[in-house]
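Asker:
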DNA sequence: CCGGATTTGTACGTATGTATT
DNA sequence: GAATACATACGTACAAATCCG
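Chains as they are written, first to last, in our numbering: chain P, 1 to 139; chain Y, 140 to 278.
(1) Between which residues of its own chain and residue 242(Y) is the CB-CB distance below 6 Å, once the five residues before and five after are set aside?
(2) List the residues of chain P that residue 148(Y) touches, going by C-beta distances under 7 Å, in chain order.
(3) Name the two residues that bound the continuous alpha helix (DSSP H) containing residue 186(Y).
(4) Can you confirm whether the stretch 86–95 of chain P touches the stretch 38–56 of chain P when touching is taken to mean that 3 or more C-beta pairs between the two stretches lie within less than 8 Å?
(5) In chain Y, what lies closer than 7 Å to residue 20(P) by C-beta?
(6) Ignoring anything shorter than 4 residues or poking outside the stretch 3–45 of chain P, list the alpha helix (DSSP H) runs there in chain order.
(7) Between the stretch 206–220 of chain Y and the stretch 7–22 of chain P, are three or more C-beta pairs nearer than 8 Å?
(8) Considering only residues of the same chain and omitting the five flanking positions on each side of residue 158(Y), which have a CB-CB separation below 7 Å?
(9) What are the start and end residues of the beta strand (DSSP E) that includes residue 72(P)?
(10) Looking at the unbroken alpha helix (DSSP H) that takes in residue 245(Y), where does it start and where does it end?
(11) Given a cut-off of 7 Å, decide if residue 231(Y) and residue 126(P) are closer than it, judged by their beta-carbon atoms.
(12) Mind reading off the beta-carbon distance from residue 71(P) to residue 32(P)? Whole number of angstroms is fine, and I expect it under 8 Å.
(13) Roughly how far, in whole angstroms, is the beta-carbon of residue 65(P) from the beta-carbon of residue 30(P), given that I think they are within contact range, below 8 Å?
(14) When the distance is taken between beta carbons, is residue 115(P) closer than 7 Å to residue 121(P)?
(15) My output table needs one value for residue 101(P): the three-state DSSP class, helix, strand or coil.
(16) Counting C-beta neighbours from all protein chains within 10 Å, is the total for residue 15(P) 16 or more, i.e. buried, or is it exposed?
(17) Cutting at 8 Å between CB atoms, please list the residues of its own chain near residue 27(P), excluding the five before and the five after it.
(18) Buried or exposed, going by whether 16 or more other CB atoms sit within 10 Å of the CB of residue 249(Y)?
(19) If I measure Cβ to Cβ from residue 150(Y) and keep anything under 6 Å in the same chain, skipping five residues before and after, which residues do I get?
(20) Anything in chain Y within Cβ reach of residue 66(P), meaning under 8 Å, just list it in chain order.
(21) Give me the DSSP bridge partner(s) of residue 228(Y).
(22) When you compare only the Cα positions, how much space is there between residue 99(P) and residue 105(P)?
(23) Just to confirm the assignment, what range does the beta strand (DSSP E) spanning residue 127(P) have?
(24) Mind checking who residue 203(Y) pairs with in its DSSP beta bridge?
(25) Starting from the beta carbon of residue 135(P), find every residue of chain Y whose beta carbon is closer than 8 Å, and list them in chain order.
(26) Going along the chain, which residues of its own chain have a beta-carbon closer than 8 Å to the beta-carbon of residue 207(Y), five neighbours each way excluded?
Written out as structure tokens, the structure reads:
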């Protein structure tokens, strides 16, 4: 990697580099990244710096890391098309650790809250849905 | 803090504790948290562990941290009510570091992409908007 | 306005734990 | 069981931004 300061931080530089490779498909969906030790050796930064870079990508929902297994590029799950209903309101925010466990949301994935007119609230993992608004005149 | 292992990790325990205090209003919106050194001393964990706990809360959009200033509880910004339009599609995901800079999105805040029927794409910071579907029958 | 003190950010290292292969 | 790989936890040193007298 490059210089210690005055530029961007090392871990951001490394995160940018890896993000680019993922987005260009050089690390395709489902494929494994080099191990932390290998990335450390390849880019001449400490393992701690590699981990910070990976944490950035994990927070962006781009990779998945787990104990004992190499980090992998996340495959975009199929998005269910959810038709919105009249009178409903939608907000999106990051879930807490507890909400992630409760609703089965992965790291780096936002939460979508839909408050319906009747008072019911739907909570959805944002990476599994696409909210659509069908045009009634086309029916 | 409690035990080193076999329970939840120290930094998660500390994050849970601080999140509770924020949600109960003991640390109100805009107020400053104790410094990292203070939290370290108070909870008998290393500063590194405190920093990991704060990183969790930052990722959830609950606090804001910056060099030279104490960490603060984020105040929920006003949400503009955005009326949805027929034929549009909405997804939410985490922005990359680059997108955060480009669209002025803070850390821990998702991005909302609205693809309109005409082809135009709106990109919004999720913490500033609420998407509404007005009931046409009520007009 | 200056300079020191304070506070968070970056970078590295070491040791150990735990899950997977 | 052994080897591999990521996770946790502690520590050190220095940089950079802010705060305050």
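Beta carbons: idealized from backbone N, C-alpha and C, even for Gly.
Answerer: On the basis of the supplied data:
(1) The residue labelled residue 242(Y) in the question sits at position 103 within the second chain. For residue 242(Y), where only same-chain residues beyond five positions count, the Cβ hits under 6 Å are 262.
(2) By one-based count along the second chain, residue 148(Y) stands at place 9. Ordered by position in chain P, no residue passes the 7 Å Cβ test against residue 148(Y), which lies about 11 Å from the chain.
(3) Within the second chain, the letter at position 47 stands for residue 186(Y). Start and end: 186–198.
(4) no
(5) One-based indexing of the first chain puts residue 20(P) at position 20. None at all; the shortest Cβ gap to chain Y is about 10 Å.
(6) 10–23 and 36–43
(7) no
(8) On the second chain, position 19 is the one that residue 158(Y) refers to. Same-chain partners within the cutoff: 196 and 201.
(9) Along the first chain, one-based indexing puts residue 72(P) at 72. Note, residue 72(P): beta strand (DSSP E), 69–73.
(10) To locate residue 245(Y), count along the second chain from 1; it is residue 106. Per DSSP, residue 245(Y) belongs to no alpha helix (DSSP H) and is neither H nor E.
(11) Residue numbering aside, residue 126(P) sits at position 126 when the first chain is read from its first letter. Residue numbering aside, residue 231(Y) sits at position 92 when the second chain is read from its first letter. Closer than 7 Å, so yes.
(12) If you number the first chain from 1, residue 71(P) lands on position 71. If you number the first chain from 1, residue 32(P) lands on position 32. That pair is a contact at about 7 Å.
(13) Here residue 65(P) corresponds to residue number 65 of the first chain, with the count starting at 1. Here residue 30(P) corresponds to residue number 30 of the first chain, with the count starting at 1. Incorrect: roughly 14 Å between the Cβ atoms, too far for contact.
(14) For the purposes of this step, residue 121(P) is identified with residue 121 of the first chain, where counting begins at 1. For the purposes of this step, residue 115(P) is identified with residue 115 of the first chain, where counting begins at 1. Contact flag set, yes.
(15) Counted from its first residue, the first chain places residue 101(P) at position 101. Residue 101(P): helix per DSSP, three-state reduction.
(16) Locating residue 15(P) in the first chain gives position 15, counting from the first residue. Buried.
(17) For the purposes of this step, residue 27(P) is taken as the residue at position 27 of the first chain. Excluding sequence neighbours, residue 27(P) sits near 18, 21, 33 and 73.
(18) Taking the second chain and counting its residues from 1, the one referred to as residue 249(Y) is at position 110. By the neighbour-count rule (16 or more Cβ atoms within 10 Å), residue 249(Y) is buried.
(19) Walking along the second chain from the start, residue 150(Y) turns up at place 11. Closer than 6 Å at the Cβ level, and outside the excluded window around residue 150(Y), lie 188, 191 and 192.
(20) The sequence position of residue 66(P) within the first chain is 66, counting from 1. Residues of chain Y passing the Cβ test: none, with the nearest at roughly 15 Å.
(21) If you number the second chain from 1, residue 228(Y) lands on position 89. DSSP lists 132(P) and 254(Y) as partners of residue 228(Y).
(22) On the first chain, position 99 is the one that residue 99(P) refers to. On the first chain, position 105 is the one that residue 105(P) refers to. Straight-line Cα distance between these residues: approximately 8 Å.
(23) Here residue 127(P) refers to the residue found at position 127 of the first chain. Counting along the chain, residue 127(P) falls outside any beta strand (DSSP E), and DSSP gives it neither H nor E.
(24) Taking the first residue of the second chain as position 1, residue 203(Y) is located at position 64. Partner(s): 211(Y).
(25) Taking the first residue of the first chain as position 1, residue 135(P) is located at position 135. Under the 8 Å cutoff, chain Y gives 225, 226 and 256.
(26) By one-based count along the second chain, residue 207(Y) stands at place 68. There are no such residues.
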